Every structure is written in C-alpha cells, then in structure tokens.
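For the sequence shown, full-length UniProt numbering assigns the number 691 to the last residue and increments by one with no breaks.
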Amino acid sequence: MSEFLVIVESPAKAKTIERYLGKKYKVRASMGHVRDLPKSQMGVYKENNFEPKYITIRGKGPVLKELKTAAKKAKKIYLAADPDREGEAIAWHLAHSLNMDVTSDCRVVFNEITKDAIKESFKHPRPINMDLVDAQQARRVLDRLVGYNISPLLWKKVKKGLSAGRVQSVAVRLIIDREKEIKAFIPEEYWSIEGDFLKGRESFEANFYGVGNDKLELHSKEEVERVLSKMEGNEFQVTSVTKKERKRNPAAPFTTSSLQQEAARKLNFRAKKTMMLAQQLYEGIDLGKEGTVGLITYMRTDSTRVSEIAQAEASQFIKQSYGTEFLSTEKKKEKKKSNTQDAHEAIRPTSILKEPNSIKEYLSRDQLRLYRLIWERFVASQMSAAIMDTMSVDLKNEDVLFRATGSKVKFPGFMKVYVEGTDDTSEEKDKMLPDLKEGDIVLKKDIEPKQHYTQPPPRYTEARLVKTLEELGIGRPSTFAPTLDTIQKRGYVALDNKRFIPTELGEIVLELILEFFPDILDVEFTAKMEKDLDHIEEGKVNWVQIIDDFYGDFEKHLQKAEKEMQEVEIKDEPAGEDCEQCGNPMVFKMGRYGKFMACSNFPDCRNTKAIVKEVGVTCPSCKEGNIIERKSKKRRIFYGCDRFPECDFISWDKPLPRSCPKCENLLVEKKLKKGVQVQCVECDYKEEKQG
C-alpha cells in the first residue's frame, strides 16, 4: 500500500514521468479518454437539462481494468492528464471510473515534462476543476446536438456519410466565400515605370512616383506615355536624400496557431503533422544516457507569455553565446487578444541549453526541423531588435519624380538567429544605394513601363485559414488541426497546389445549412459561442444555461428543415468510356481521396478505376507505354509507365513531350522553391527558370 499511482494520457509520457518521480510512484497511461458519448445515438438527454450519457469507449475495457487493479494497491491516486479542458475532462472521467472523490487533491498539472516541473507540480495537487470540465462538456454536448441532428438530415436529403459541425461548417464557408470572391473579381489595369540609373559606375533601381511632388497612379498606356513625354535627356537630379535608422523587433515565441503557420511556410508541414511532431517533442525523446526528456512546453496554447525562469535562462545563454549587445534590454510586453485564454505560456524549449545540433542524433529529421524552428524562434524572441539603415532618394527630370529606397542591416540583433517567414515568397534582402547627395546628377540607363492587373484575393492555404479562424475567434488551439482534417475527409474541400478549393458537395451542403441553419454558419455567432465556453471555464455562467439558450432557436430551425428541405440529387458525371466488365457507361464519383471512376451499374457491377492523367510522353524505358500521373500512399504526385508492373519506370519530376536539344534524351520539369526549371535527365542541359 506504499505506492502512489499516477495516471497520464500516453505511454511515452508515463515512461518519462516515472523516472523523475522515483520508485514509490507507478505511472500508467489511460491512452486518452476512457469514457465518451455513444457513437450510435445522440447520448444527450435534452429533457433532463441536456445530461450527457457516458459509456466506456469500445476497446478501453482492458485499460480500465488494469487501472482499477493498480488503483486498489495504491495509497493515493494522482490524475496527470494534459493541462487543458480536454485533459481536465479525461481526469474527471477517470475519477468517476475509479470511484475517486473529485473534490480531493488528486489533480496535478504541468506545462513541461522536466524533472523540476514534475516534482514541483506534485507539491501542489488540487481538486478537479469542474469549470474546466463543464466547458469541455458543453462543447461536446453542443457539437453533438448540432452534428447528430443536422447530419441525418443531410444523409436523407443529399447522401450518406455527410456531417455538419459548428467550427468545420464555418471553415468551409470561408473557403467557399473566398472562391466566390475570386470568381466575381474583375481585374483592373495599372502600370508602373521602372528605371535603371547610374551614379558613376554604380547602378541602382528607382520607380516612378509622381509628377511634381504629388504621387500619381497610372491606369493606362496613354497616361504612361504622357509621363514619358515630359522627360528630356538622360540626366536626373537628386532632389532629396533621407537617411533614417529603423528598428525591427523580433516575433513573439510560438502559439499553437503561429507554430502551424510558420511550420507550413518554412518546413512545408501540414497542420496535422506539425501537431503530431510537437506532441512527440512535448511527451519526451530518448536522449541516450540522459534518458527520456520532454523537449518543449505544452503545444496547445494561445499565449505568448514566458515564465521568468525561462527568460533568465535565455538571458544567460544569449550573453554567453552572442554577447551582451544581443540581449534585449526592453521589458517584454505580451499583447493579449480579447479571445486569448492564456492558460499556458508560449511554446518554447524546456531548456534553451539543449541546442538543436547537440541532440540531433536522437531526433528524426522532421522532429529536428520542428524543434530547431521552436528553439530559434524562442531564442530570437528574447534578443535585441535589429537596426536597419534606410535611405530614400528622389530623382527628378523636368517635373517627373522617381523614388529609390534602400536598406542595410546595421546591427543584426535577433536576425542573427531567426527571421519570421511571411506568406509572400520574396525575402527581404539588403538593397543598397550608391552614396548620393542632394544636387548630384545621375544618368538614366533604361526606363521600362510595365503593365499589371490587380489580382483576386488568394485561396486559403492551411496556414492562412488557421490564421483567419484565430483572428475571427473561431475554434481554439486544440481544434484547428482536427477541423482542417475533417473538412477534407468529408470531401467538402480539396487541396489544389496546397490551396483549398471547395467541391460541388461542399457547396451543396453549405447552401442547405445556410438556408435552414444560418446561425451555425454565422461567424459572429460561432465566435460568441467560443466566448461563452470561455465564460463557463471561468465560472461566470452555468453550462446548461448556455446550451438551453442555443437549443431553443436551433430546435425551431430543425423542425422547419425536416419539413421543407428538398432532396438534392448529385448527378454522376459521365466519364466518356464504358465498363470493361459489363459494358455500361463509367461515371466519375467523389471518394475520400478525390474523384475516381466507377461503373454506373453499381451495385450489380462494382468495377472502379483510378482516373488516369496522361502527360503525352512515351515511356523512355520500354518505348511502348505512356507516362501517366500517379499518386503515392502519402498522396504525393509522381510519374510512371502505364504498363506497370511490366515496366517499372518512375520519375518524381514531370516528363515533357519534347527531347533535349543537346543529347535527345528526356526533359523533365523540376520543381524548385521558386518556380520550375526544365532540365535533361542525362546531360547538363538546363533552361531558364520560370516563376
């Protein structure tokens, strides 16, 4: 009876924590939730204050049995699930399953899995926080009421297997609304005039700014010609030189949202992959003789707050590694947004002394890349601002004004370690100007007018959609990645060149929900619901009242929809070929992984085929087959012979329907970070990159 039992969520975490606590403690894993609402029914008693019906999750019987056996032998039980609403709910369900007193000091929480943090947390156990539990319970009940009422309607009126959820429906609406904006967009013409100039032998660029001292926008070729006609000769006089010093501050350490965005920009990671790797780094990595160590703090957070201990450790490290001048002297002020919960500090390394290169042998390639990103971002956030020397120069010929700007890093500060990425592919580089003074004469080398058209708003990438959801107050750190995953699995949206496009199915479902359940798709309404959940967590409001207020109107909309919603038939698109098994026409159908071909005589004939995209190239290996586009198990596009397995030719680069002019071999289109490059697979022939 001398043992203490500690229950965590995952086996990886259990192993680490047991080593820190010592022999008196046994640490076991619940493998996530042990109880949940039943999948086969609503599981919410609406007539009894929306009381949830919880059952043991299928397959969790043996886990629960093992935990009960261990609990009987333990002197005291500690519940150490993750430090968020979900973790608090898991602890509460465990307490009920093990007949524990939820008001006893049985709950321990920690933001990082390190020896000091774990030992400190066990000095301050607390009762289960029922406000946190109620907030999570309210979310589950709310989502169940929406999903289990609307989904059967969609099955009946559209097709089986569809679902509707509060956050996922708003995400789909954002994607569809953006697509409508793009289709309705009317490009507007505008022009720029770019100039190359010489000061002695030094050349530099300047752009047309205006006439006189006023800025002038150019909208037509005629306007450009009027400006060009005002200029005489090749000489321009420097009329103004402005030199300034500009500060550039570092980005704050990562939140869940900013980590997902930056990992997408810099590492090309999907949100789901980022969170999976972050979970591994949080739960612990085996560092050889040091054992299993948690490398980062908790990865579900919306706060940029950093503990004083971490700040002090970072200060010492920066002084020793880079010098005192690189250490920020300003007090870091966290900018809190109105919808920030601030339950945990920012995502950071548990120890700044664990530099990425010092532990790289213990990490997988992707774990190392994400850890390096988190480590560098945190170190940079504690460093001094970068100082930039900027210069702006005005050049005049007659009354025509050109302006040149340049900048140079005077002191790198945080930029020595890390610079935040942007959605713009162009990177900021030093752009220096010659040493110019007022009254100097420079010579025109070349003047080139360029025609442009305004561009529609861009489609959402995963990173941009996460950022938008966060800005609108839709969802919380734990919901972003699952939401993106769900809307793709349901076939409501698809990724095309890493950007979301809506499917026909997504548009049909959205139209129906918008007609009969406008509140579900209202951004402000959904954001208010998130705030209501926060208020439940803060103990300001009763969760049953929030659900009751919502359900009154929702039930009226539901009754109306059941009577008035019309059935929608999604017609199969003819594929233009006949089934080789029964002779009936083949049609295109939408599956989990996109479109495929199926026999129209289903279910009598179950023949299906992948959609083959030919690239118009004869196989260079067997000289008989045609090269077609294929997809790997990880959905990555590659190219292979249609005679596979007889011919095993494959290429990750797209073959082109023309031969190398130098050696007559295969030319391919190789994707680079910026644009593509045509090159030969055999010789050194290359063509200029295309943007």
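Cβ coordinates follow ideal geometry from the N, Cα and C atoms, glycine included.
In this text the structure is predicted, and so the values were computed from the model without any measurement.
Please return the same chain residues whose Cβ sits closer than 7 Å to the Cβ of residue i, not counting the five positions on each side in sequence.
i	result
residue 470	257
residue 445	196, 197, 198, 203
residue 533	135, 138, 139
residue 426	For residue 426, the predicted structure reports a pLDDT of 44, less than 50, and the residue's modelled location is therefore unreliable. A value from the coordinates is still provided. Once the five neighbours on either side are set aside, residue 426 has no close Cβ partner at all.
residue 359	287
residue 575	586, 587, 588, 597
residue 411	386, 387
residue 466	257, 260, 261, 271, 480
residue 231	397, 398, 400
residue 71	5, 77, 98
residue 668	651, 653, 654, 655, 656, 679, 681
Would you identify the three-state DSSP class for residue i, choosing helix, strand or coil?
i	result
residue 124	coil
residue 143	helix
residue 20	helix
residue 370	helix
residue 130	helix
residue 422	coil
residue 546	helix
residue 41	coil
residue 341	At residue 341 the pLDDT is 48, less than 50, meaning the model places this residue with poor confidence and gives no usable figure here.
residue 78	strand
residue 35	strand
residue 580	coil
residue 213	coil
residue 317	helix
residue 427	Caution is warranted here: a pLDDT of 45 is assigned to residue 427, below 50, making its placement in the model unreliable, and the coordinate value is therefore given only provisionally. If DSSP states are grouped into helix, strand and coil, residue 427 belongs with coil.
residue 62	helix
residue 7	strand
Shortest alpha-carbon distance to residue i belongs to which of the options?
i	options	result
residue 553	218, 569, 525, 567	525
residue 213	240, 349, 657, 573	240
residue 507	178, 40, 67, 55	178
residue 569	681, 72, 512	512
residue 49	540, 529, 145	145
residue 665	165, 315, 656	656
residue 126	438, 17, 105, 132	105
residue 26	651, 69, 51	69
residue 422	36, 448, 504, 463	463
residue 698	39, 163, 238, 607	The shown model of the chain, from 1 to 691, leaves out residue 698, and the question about it has no answer.
residue 347	111, 620, 671	111
residue 603	582, 622, 621	582
residue 118	317, 17, 47	17
residue 608	620, 617, 579	579
residue 128	103, 142, 252	103
residue 614	56, 606, 643	643
residue 56	44, 42, 94, 130	94
Under 8 Å Cβ to Cβ from residue i, same chain only, skipping five residues before and after it: list those, please.
i	result
residue 122	21, 78, 108
residue 115	20
residue 595	588, 589, 611
residue 217	190
residue 31	9, 10, 11, 60, 63
Report the partner residues of residue i according to the DSSP bridge assignment.
i	result
residue 275	None, per the DSSP bridge assignment.
residue 14	DSSP lists no partner for residue 14.
residue 432	DSSP output for residue 432 lists no bridge partner at all.
residue 586	599
residue 238	395
residue 218	191
residue 327	383
residue 149	According to DSSP, residue 149 bridges with nothing at all.
residue 499	496
residue 286	292
residue 451	191
Residue i CB to nearest chain B CB: under 9 Å?
i	result
residue 609	Any reference to chain B falls outside this structure, which holds one protein chain only.
Look at residue i and residue j and say whether their C-beta atoms are less than 9 Å apart.
i	j	result
residue 255	residue 301	yes
residue 459	residue 435	no
residue 716	residue 74	The structure shown has nothing for residue 716, since the chain only spans 1 to 691.
residue 382	residue 493	no
residue 696	residue 502	Since the first residue shown for the chain is 1 and the last is 691, residue 696 is missing from the structure and cannot be characterised.
residue 374	residue 281	yes
residue 456	residue 181	yes
residue 416	residue 326	yes
By Cβ distance, which residues of its chain are closer than 6 Å to residue i, with the 5 residues on each side in sequence left out?
i	result
residue 223	none
residue 584	599, 600, 601
residue 264	462, 463
Compute every distance between the C-beta of residue i and the non-hydrogen atoms of the ligand PLP, then say whether any falls below 8 Å.
i	result
residue 180	By its list of ligands, the structure shown contains no ligand whatsoever, and the ligand PLP lies outside what it can speak to.
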